[in-house]
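A.B. asks:
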Amino acid sequence: MAAAEDPADRCRRNLATVRDRVAEACRRAGRDPAGVRLVGVTKYVSAAATRMLLDAGCLDLAESRPQSLWIKARELASHEPPPRWHLIGHLQRNKIRRTLPLVDLLHSLDSLRLLEAIEAEAAAAGRVCEALIEVNIAGDPGRTGVMEAEVAAMLEAAARARHVRVLGLMGMAAVPDGPENTASARRQFARLRELRDDLARRVPTATGLGELSMGMSGDFVEAILEGATLVRVGSALWEGVGE
Ligand SMILES: *Cc1c(COP(=O)(O)O)cnc(C)c1O
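Note that this note's numbering has the sequence shown beginning at 8, numbered continuously upward.
In structure tokens form, the structure reads like this:
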């Protein structure tokens with residue numbers, strides 16, 4: 008039997024492959040690779056595997072559940088250089104207090120109620136929460152995120168919230184797996200970018216909507232072609248690594 012590849016080596020190799028594909032997509036799009044941040048999604052793996060990715064040089068890490076983020080942030084707190092944590096899943100209001108101090112960027116600001124609750128907590132703690140509004144680009148009520156028609160009102164509310172800074176939008180393409188669906192993903196990403204451009208023109212308080220978080224393992228190339236500044240990649244980084 009051939010010796011299995013060391014998981015840390017495999018993790019480094021996966022990261023290099025994903026980075027190459029990001030660079031190639033930037034080249035195709037005529038974009039500066041410095042304008043696309045790779046966020047490594049660690050929700051499938053243990054803190055030990057997460058540390059491998061961090062050691063390999065991926066400093067932006069994401070979890071979709073606040074509790075998992077708490078645990079990993081604690082386990083990796085003394086890592087040099089320290090990771091930047093992103094929360095990409097729903098934040099329940101009763102978890103705001105414990106989560107805010109750990110998170111660099113919240114990708115999933117998905118309701119006015121959550122915005123108001125974060126504002127109250129961040130004001131009390133004397134901090135500012137940087138966030139992206141998660142948009143339901145599929146327009147499917149069964150999915151998470153704010154409906155397109157409601158994003159302007161969210162931005163206006165966010166402009167009044169002194170302790171929440173909205174830096175852009177996040178969206179997930181609603182497509183079943185399969186190569187024939189990348190064209191559909193690309194159209195949805197284009198739509199999110201157009202929504203962002205439209206809001207930046209139409210809503211006077213919507214300053215600095217520079218960030219677009221879109222694209223996962225199956226569609227990050229399409230997302231970069233349509234202007235993603237943050238891509239959230241999980242499974243492609245963990246192939247053959249175990250957990
Ligand atoms: C899990 C998850 C990802 C990563 O998905 P992969 O297909 O594993 O790359 C990205 N974004 C969100 C919101 C997720 O929940």
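We put the CB at the ideal spot given by N, CA and C, even for glycine.
Could you check how far apart the C-beta atoms of ASN21 and GLU246 are, in whole angstroms? I think they sit under 8 Å.
C.D. replies: ASN21 to GLU246, Cβ: 6 Å. Contact.
A.B. asks: Of all Cβ atoms in chain C, is any one closer than 8 Å to the Cβ of GLU250?
C.D. replies: Checking the listed chains, one finds no chain C in this structure; it contains a single protein chain.
A.B. asks: How many angstroms separate the CA atom of ALA168 from the CA atom of THR151?
C.D. replies: Whole-angstrom Cα-Cα distance: 22 Å.
A.B. asks: Taking the alpha-carbon positions, what's the GLY222 to GLY215 distance?
C.D. replies: Computed Cα separation, rounded: 21 Å.
A.B. asks: Should THR24 go down as buried or exposed, given a rule of 16 or more other Cβ atoms within 10 Å for buried?
C.D. replies: With fewer than 16 other Cβ atoms within 10 Å, it is exposed.
A.B. asks: Pick helix, strand or coil for GLY222, following the three-state DSSP scheme.
C.D. replies: It is coil, neither helix nor strand.
A.B. asks: With 16 as the cutoff for other CB atoms within 10 Å, does GLY178 come out buried or exposed?
C.D. replies: Buried, since its Cβ has 16 or more Cβ neighbours within 10 Å.
A.B. asks: Which residues in the same chain have their Cβ closer than 6 Å to the Cβ of ALA54, if we skip the five residues on either side of it in sequence?
C.D. replies: Excluding residues within five positions, the ones whose Cβ falls inside 6 Å are LYS79 and GLU82.
A.B. asks: Between ILE95 and ligand 1, is the CB less than 7 Å from at least one heavy atom?
C.D. replies: Yes; taking the cut-off as 7 Å, the Cβ of ILE95 has a heavy atom of ligand 1 nearer than that.
A.B. asks: What residues match up with ALA69 in a beta bridge as DSSP calls it?
C.D. replies: DSSP lists VAL48 and HIS93 as partners of ALA69.
A.B. asks: Checking the sheet assignment: what are the DSSP bridge partners for ALA181?
C.D. replies: For ALA181, which the question treats as bridged, DSSP gives no partner whatsoever.
A.B. asks: One question on the structure: do ALA124 and ILE103 come within less than 8 Å of each other, judged by their Cβ atoms?
C.D. replies: It is a contact, given that the beta carbons lie within the stated cut-off.
A.B. asks: Measuring only the C-alpha atoms, how far is ALA30 from VAL182?
C.D. replies: ALA30 and VAL182: Cα-Cα distance of roughly 24 Å.
A.B. asks: Could you give the uninterrupted runs of the beta strand (DSSP E) lying entirely in the region 13-58, keeping only those of 3 residues or more?
C.D. replies: Whole beta strand (DSSP E) segments, 3+ residues: 44-48.
A.B. asks: Just to confirm my understanding: we take LEU66, look at its own chain, exclude 5 residues before and 5 after, and list those with CB closer than 7 Å. What are they?
C.D. replies: Taken in chain order, the residues that qualify are PRO88, PRO90 and ARG91.
A.B. asks: For ARG28, I'd like the list of residues in its chain whose CB is within less than 8 Å of its CB, leaving aside the five on either flank, ordered along the chain.
C.D. replies: Correct list, in chain order: PHE227 and VAL228.
A.B. asks: CA-CA distance, ALA63 and ASN101?
C.D. replies: Their Cα atoms are separated by approximately 34 Å.
A.B. asks: On a Cα-Cα basis, can you pick out the residue from THR189, GLU218 and ASN188 that is closest to GLU201?
C.D. replies: Of the candidates THR189, GLU218 and ASN188, the one whose C-alpha sits nearest the C-alpha of GLU201 is GLU218.
A.B. asks: Assuming VAL171 contacts VAL158 under a Cβ cut-off of 8 Å, what Cβ separation, rounded to an integer in Å, is found between them?
C.D. replies: Not a contact, Cβ separation roughly 15 Å.
A.B. asks: Leaving out five residues on either side along the sequence, give the residues of the same chain with a beta carbon under 7 Å from the beta carbon of ALA36.
C.D. replies: The answer, listed in chain order, is ILE231 and LEU232.
A.B. asks: For SER115, count neighbouring C-beta atoms within 10 Å of its own C-beta (all shown protein chains included) and say buried if the count is 16 or more, exposed if not.
C.D. replies: Buried, since its Cβ has 16 or more Cβ neighbours within 10 Å.
A.B. asks: So, helix, strand or coil for VAL135, using DSSP?
C.D. replies: Coil.
A.B. asks: Just to confirm before moving on: does the CB-CB distance between VAL48 and ARG239 stay below 8 Å?
C.D. replies: Their beta carbons are under 8 Å apart, which means VAL48 touches ARG239 by this criterion.
A.B. asks: Go ahead and label ALA56 buried or exposed: buried means 16 or more other beta carbons lie within 10 angstroms of its beta carbon, across all protein chains shown.
C.D. replies: Counting Cβ neighbours within 10 Å, ALA56 comes out buried, since at least 16 surround it.
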